[in-house]
DNA sequence: CAAGTTAGTTTATGTCGTAAGGAGTTGCAA
DNA sequence: TTGCAACTCCTTACGACATAAACTAACTTG
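Protein chains in written order, with the working numbering: chain A, 244 to 513; chain B, 244 to 513.
See below:
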């Protein structure tokens with residue numbers, strides 16, 4: 244897993260991403276029954292439905308009524324396919340946010356949309372962000388937040404880091420919940436059942452828990468781990484609250500940076 | 244990849260994690276030449292050196308002069324081994340932070356240690372945080388931050404979410420850089436070379452970049468993407484700055500939450 | 001129709017996790 | 001001392017995976 248972009252021919256890879264292929268001339272040989280787009284869409288369907296682990300060339304081919312090897316006519320390798328899927332999926336993100344209500348509302352809406360998006364496509368979180376794919380839609384997504392965040396008036400250097408940090412947070416938060424969604428189906432255990440069984444085992448295995456972890460025990464006693472809405476799965480509810488609260492904290496921090504910046508400092512810590 | 248904990252026998256799994264196995268009685272059969280600890284340590288060596296993708300039962304066995312199947316005497320499956328590796332590695336994190344200098348200094352030090360830790364063990368970031376492993380060292384790590392963050396005086400419910408969000412951020416930030424470290428070796432390309440080649444291709448493939456992404460272009464023009472310290476690899480430098488700045492912003496946000504909380508509100512948005 | 005190009009299949013290679021069965025060791029009861 | 005049960009570790013085997021290589025069949029152009 245976590246494959247790096249551009250292992251093969253970087254030029255071909257970028258051309259595929261940005262769809263700058265030459266027009267479909269008339270060529271000898273059998274008419275192509277597939278296309279890059281068809282394969283990428285099929286790949287996304289497989290990954291959405293069965294998870295990244297189930298994304299195999301065979302599975303994608305099968306979904307299109309072909310063998311695995313048929314795909315290699317259109318796509319150089321599996322890792323390129325994943326890159327293409329990654330960028331293609333990003334296209335479904337909204338790109339316009341109303342800036343009239345202020346940057347904070349826009350950024351919050353953006354973060355929530357991205358979060359929901361990741362929950363719809365959990366496999367996205369398993370594509371390594373180390374060396375970015377550099378596809379068009381990744382840039383569109385970046386440009387979208389940047390437009391909203393420019394309303395903060397922060398200097399370019401600070402802005403760059405803030406965007407990065409915000410992205411990390413959203414990604415990290417989504418990751419915690421993303422696979423949780425599939426877990427109940429795969430393990431045949433609801434979150435509650437799982438948690439209940441686990442905490443029973445915990446007591447069995449660490450009877451001195453309260454002594455070893457006093458602060459955690461205190462938090463537990465304060466009811467910090469009880470959720471209010473019983474209709475939403477436990478772990479999902481918890482993750483949702485953590486996301487909302489964390490985002491608010493982060494945006495508060497941006498406001499602090501703004502006032503510090505407005506007070507004459509150019510950047511950096513106090 | 245990204246395997247869920249406790250697929251097999253949850254009780255055995257927890258017993259292995261918390262090392263509550265019965266004492267080594269005298270038993271018939273050949274004396275065991277291996278042990279769970281030996282295997283876990285070997286697994287961590289393999290993963291550290293070659294990455295999670297190269298972590299195979301065969302590879303771990305080989306490092307111990309055994310076959311892959313020999314491991315199954317000690318460890319029920321690969322996914323259990325990964326869980327054990329995960330918790331075992333966490334043991335090397337510091338657990339004591341000086342709280343005299345205030346919660347902020349302690350939390351910053353903690354976050355930096357965790358970040359460095361993840362860079363030392365990038366494979367940790369590929370273990371799904373969805374359904375936590377629930378090993379002893381994971382709890383120790385949590386208790387450690389909690390001890391520092393309790394200095395904020397925030398109520399338990401808020402604290403829980405803040406800790407979660409902070410963890411997400413550190414994880415996300417580490418993830419961006421973690422595999423970047425291996426990338427140059429694997430692709431035979433330094434960060435600069437890679438970036439240079441890529442940006443040339445970008446211009447080739449999207450000559451209208453400035454029109455399509457004006458805010459990004461503005462940021463680039465402001466020199467936001469130029470690093471000061473030339474001795475550190477480009478992408479690593481960038482990630483490091485993003486981490487430090489993002490952490491500061493988040494902690495600023497916590498201070499805001501504190502003052503809001505101290506002013507009489509119990510929780511929630513303004 | 002012949003030649004050349006392309007789409008897609010079949011087959012094969014070398015990986016992986018792990019099930020099944022067997023070989024060799026050891027402690028203990030008879 | 002002998003036999004047996006419990007144990008470690010190995011060999012072999014299976015079905016999955018990505019993908020290389022060789023092939024078949026469809027199509028355009030001459």
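For glycine and all other residues, C-beta sits at the position ideal for the given N, C-alpha and C.
All values reported here derive from a predicted model rather than from experimental measurement.
Think of a sphere of 7 Å around the beta carbon of residue 501 of chain A: no beta carbon from chain B falls inside it, the nearest being about 10 Å out. In the same chain as residue 497 of chain A, and ignoring 5 residues on each side of it, the C-beta atoms closer than 7 Å to its own belong to 395, 405, in chain order.
Taking CB atoms only, residue 465 of chain A has a neighbour in chain B less than 8 Å away. Among the residues facing chain A, residue 263 of chain B is included, as its CB has a counterpart in that chain under 8 Å away. One Cα belongs to residue 352 of chain B, the other to residue 340 of chain B, and the distance between them is close to 8 Å. In this structure, the alpha-carbon of residue 307 of chain A lies about 22 Å from that of residue 334 of chain A. Closer than 8 Å to the CB of residue 419 of chain A there is at least one CB belonging to chain B.
The beta carbon of residue 321 of chain B is closer than 7 Å to those of 300 in its chain, skipping five residues each way along the sequence.
Distance between residue 298 of chain B and residue 315 of chain B, taken at the CA atoms: about 15 Å. Taking 8 Å as the threshold, the shortest C-beta distance from residue 372 of chain B to chain A falls below it.
Of all residues in the stretch 401–413 of chain A, only 401, 402, 403, 404, 405, 406, 407, 408, 409, 410, 411, 412, 413 come within less than 9 Å of chain B when Cβ atoms are compared, listed by chain position. Annotation: the continuous alpha helix (DSSP H) that includes residue 446 of chain B extends over 434–448.
Identification of chain A residues near residue 287 of chain B by a Cβ-Cβ cut-off of 7 Å yields none; the smallest Cβ-Cβ distance measures about 18 Å. For residue 493 of chain A, the neighbours in chain B by C-beta distance under 7 Å run, in chain order, 492, 493, 496.
For the stretch 351–366 of chain A, no residue has a beta-carbon sitting nearer than 8 Å to a beta-carbon of chain B. Take the alpha-carbon of residue 399 of chain A and the one of residue 348 of chain B: they are about 27 Å apart. If you draw a 10 Å sphere on the C-beta of residue 388 of chain A, you find 16 or more other C-beta atoms in it, and that means buried. Cβ-Cβ distances below 6 Å link residue 354 of chain B to 413, 490 in the same chain, with the five nearest sequence neighbours on each side left out; the list follows chain order. A direct Cα-to-Cα measurement between residue 332 of chain B and residue 287 of chain B gives close to 8 Å. Per DSSP, reduced to three states, the secondary structure at residue 456 of chain A is coil, with no helix or strand assignment. In the structure shown, residue 334 of chain A falls within a coil segment according to DSSP collapsed to helix, strand and coil. Take residue 330 of chain B, set aside five residues on each side of it, and the residues of its chain with a beta-carbon closer than 8 Å to its own are 260, 376, 378, 379, 380, 381, in chain order. Residues of the stretch 323–349 of chain B with a C-beta less than 7 Å from any C-beta of chain A: none at all. DSSP, reduced to helix, strand and coil, places residue 465 of chain A outside both helices and strands of the structure shown, so it counts as coil. What residue 389 of chain A touches in chain B, judged by beta-carbon distance under 8 Å, is 458, 459, 462, going in chain order. Shown here, residue 345 of chain B sits in coil according to DSSP, grouped into three states, outside any helix or strand.
Just measuring C-alpha positions, the residue of B:479, B:345, B:415 sitting nearest residue 371 of chain B is B:415. Taking 8 Å as the threshold, the shortest C-beta distance from residue 415 of chain A to chain B falls below it. Contact between residue 279 of chain A and residue 327 of chain A is confirmed by a C-beta separation of about 7 Å, below the 8 Å threshold.
For the stretch 300–311 of chain A, no residue has a beta-carbon sitting nearer than 9 Å to a beta-carbon of chain B. For residue 444 of chain B, at least one C-beta of chain A is nearer than 8 Å to its own C-beta. Looking at the backbone, the Cα of residue 364 of chain A and that of residue 358 of chain A are separated by about 10 Å.
At a beta-carbon threshold of 8 Å, the residues of chain A lying near residue 253 of chain B are 440, 441, 444, ordered along the chain.
Taking every protein chain shown into account, the CB of residue 283 of chain B has 16 or more other CB atoms within 10 angstroms, so this residue is buried.
Judged by beta-carbon spacing, residue 417 of chain B lies within the 8 Å limit of residue 361 of chain B, meaning their Cβ atoms are closer than that value.
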